[in-house]
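In full-length UniProt numbering, the protein residues as written are 1 to 217.
All C-beta atoms, glycine included, are put in the ideal place defined by N, C-alpha and C.
If you're wondering where the values come from, they're calculated on a predicted model, not measured in any experiment.
A short worksheet on the structure shown next.
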């Protein structure tokens, strides 16, 4: 009985497989699956190596002309110009002495206001049509990050060190053309000097007057 059941099961299984094969052949699914496999895993195409063109600078120092309109003109030679530029001595960057941060100057409020007032007086003498502004100096302008204003910070560090600007000074900027400022500096130390002069006792001068004797003829 067991052997008969196995044989019948095998017959049914074999019959089912054959029917499925026939259906696949009718639908051409075998060819479809093969094409899908080929498209899913394409073969890597070899990368074409592009050879870089080498330019011999030594043997060719002129620009090739491709325009017939300029063919009658001599080709420019850039080699002499390059050599001439290379032989020019470039100016070295200016070196400035380093500020001693331990000897910073801290201006008093009176000295600061004095410098600002004097700077405003100078600004008024330049006329109402002049493009001017007054900038009181702080530690960040003279000994810190040397940041002044957008468009003016380039080169400001060297200018501040060279002119020995300190905290409390007032600077008047006068725009004379599109790229040039004329600068007036008012020192905060002038306040102490003016105060010392004002508190000094007046000098007594002994003057002798001489009378002229006019004799008549």
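- The straight-line gap separating the alpha-carbon atoms of residue 24 and residue 18 is approximately 10 Å.
- For residue 177, the enclosing beta strand (DSSP E) starts and ends at 170-177.
- Residue 132 is bridged by DSSP to 174.
- Cβ atoms of residue 185 and residue 171 come within 8 Å of each other, at about 6 Å.
- Distance check between residue 109 and each of 26, 191, 14 places 191 closest, using alpha-carbon atoms only.
- With 16 or more neighbouring CB atoms inside 10 Å of its own CB, residue 114 falls in the buried class.
- According to the DSSP assignment, residue 182 belongs to the beta strand (DSSP E) that extends over 180-186.
- Residue 146 sits in coil when the DSSP states are folded into three classes, being neither helix nor strand.
- Nearest neighbour of residue 181 by Cα position, chosen from 11, 151, 12, turns out to be 151.
- By the Cβ neighbour-count rule, residue 129 is exposed, with fewer than 16 other Cβ atoms within 10 Å of its own.
- Between the alpha carbons of residue 16 and residue 22 lies a gap of roughly 10 Å.
- For residue 119, the uninterrupted alpha helix (DSSP H) segment begins and ends at 109-125.
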